[in-house]
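Here the structure is laid out as structure tokens; the discussion comes afterwards.
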């Protein structure tokens with residue numbers, strides 16, 4: 006019996022509001038929004054206020070998606086034409102929507118899933134796959150305590166957490182529609198347990214996670230001096246430690262740092278990974294003993 010596969014049909018671009026196509030991306034930038042807002046219907050007012058990706062980024066992401074998932078590039082589509090991309094943007098669509106529409110129209114099958122549906126996989130692309138394309142193309146920006154701004158125009162960005170990628174990853178969008186840039190930002194992280202364990206996990210028997218603070222002034226010639234944060238401290242980083250087995254029952258445990266993170270969720274996720282990998286329990290209420298051992 007011949008294998009068959011059907012692609013889930015997406016709505017035509019802009020089909021719910023054809024008037025959106027009367028406004029192109031470059032026209033929106035020039036519109037005196039406040040003066041005209043009262044004269045426009047609700048749909049178009051929303052279009053003006055929402056984030057609009059710039060044409061170049063749209064094309065770059067579409068090309069990466071086509072290469073990764075369908076084995077072709079943007080030159081095989083009409084997305085090389087600015088007019089076509091402007092229509093997608095004006096319709097509130099993303100690059101993965103445009104790539105899906107092209108794949109459906111030309112009956113393309115996904116080359117990244119050759120063992121699915123007898124090699125005839127037509128699963129629509131997702132926003133997560135688009136963000137992974139962005140991650141592959143754009144240099145990652147490190148999250149800090151400072152307000153995140155667009156690296157292109159300096160505007161303060163809007164963001165949302167990304168589910169399905171590295172813990173703490175954020176998707177930032179520039180609200181300045183004359184810029185239209187987007188980027189991913191991730192917390193600081195450093196994981197080095199394997200270099201500490203050296204194939205001898207029996208030397209350790211527990212894991213602790215604590216917030217830490219740098220007691221040295223910023224830009225101190227002595228560098229940084231991190232220690233466990235006290236109750237009145239605001240942690241600057243979050244560290245994962247292993248408990249040295251020979252000191253587990255001595256009252257003042259000895260610990261070795263194996264990971265540094267910008268957010269607690271990352272630190273706890275790494276501790277959980279080590280727990281499942283080696284079977285060590287994650288200890289609680291050890292701040293005072295860890296602080297004492299580090300000071301010794």
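Residue numbers (my numbering): 6 to 301. Cβ atoms here follow ideal geometry from the backbone N, Cα and C, with glycine treated the same way. What you are looking at is a predicted structure, and each value in this text was computed from that prediction instead of being measured.
Go ahead and pull the three-state DSSP assignment for residue 283. Helix.
Hey, which unbroken runs of the beta strand (DSSP E) at 3 residues or more fall wholly within the region 89-157? Fully enclosed beta strand (DSSP E) runs of 3 or longer: not present.
Using a Cβ-Cβ cutoff of less than 7 Å, which residues in the same chain neighbour residue 130 once the five nearest sequence positions on both sides are dropped? Answer for residue 130: 70, 74, 101, 104 and 105, listed in chain order.
Leaving out the 5 sequence neighbours to the left and right, which residues in its chain are closer than 6 Å to residue 113 when beta-carbon positions are compared? Same-chain partners within the cutoff: 75.
Residue 21 - DSSP class collapsed to helix/strand/coil: The pLDDT assigned to residue 21 is 39, lower than 50, so where the model puts this residue is not dependable, and the model offers no usable value.
Could you say which of 179, 252, 132 and 203 lies nearest to residue 170 if we only look at CA atoms? The shortest Cα separation from residue 170 among 179, 252, 132 and 203 belongs to 132.
Touching by the beta-carbon criterion (3+ pairs, under 8 Å), the region 262-273 and the region 186-199: For the pair of segments examined, the region 262-273 was found to touch the region 186-199: the number of CB pairs separated by less than 8 Å reaches three.
What span of residues does the beta strand (DSSP E) with residue 194 cover, start to end? 194-196 is the extent of the beta strand (DSSP E) around residue 194.
Does residue 288 come out as helix, strand or coil in the three-state DSSP assignment? Of the three classes helix, strand and coil, the one that applies to residue 288 here is coil, per DSSP.
Assigned secondary structure, residue 175 (DSSP; H/G/I helix, E/B strand, else coil): In the displayed model, residue 175 falls within a strand according to three-state DSSP.
Which of helix, strand or coil DSSP assigns to residue 180: DSSP, reduced to helix, strand and coil, places residue 180 outside both helices and strands of the structure shown, so it counts as coil.
Could you tell me the alpha carbon to alpha carbon distance between residue 140 and residue 174, rounded to whole angstroms? The C-alpha of residue 140 lies about 10 Å from the C-alpha of residue 174.
Determine whether the Cβ of residue 177 lies closer than 8 Å to any Cβ atom of chain C. Here there is only one protein chain, and chain C is not present.
Excluding the 5 residues preceding and the 5 following residue 279 in the sequence, name in chain order all residues of the same chain whose CB lies nearer than 7 Å to its CB. Closer than 7 Å at the Cβ level, and outside the excluded window around residue 279, lie 198, 212 and 285.
Range covered by the beta strand (DSSP E) that runs through residue 247: Segment 242-249, the beta strand (DSSP E) holding residue 247.
Quick check: the Cα distance between residue 157 and residue 186, rounded to an integer number of angstroms? Answer to the nearest angstrom: the Cα atoms are 7 Å apart.
Measuring only the C-alpha atoms, how far is residue 143 from residue 84? Cα to Cα, residue 143 sits roughly 20 Å from residue 84.
Identify, in the order they occur along the chain, each residue of the same chain with its Cβ nearer than 7 Å to the Cβ of residue 154, setting aside the five sequence neighbours on each side. For residue 154, where only same-chain residues beyond five positions count, the Cβ hits under 7 Å are 160, 161 and 162.
Best match in 192, 220, 222 and 249 for proximity to residue 209 [C-alpha to C-alpha]: The closest CA to that of residue 209, considering only 192, 220, 222 and 249, is found on 249.
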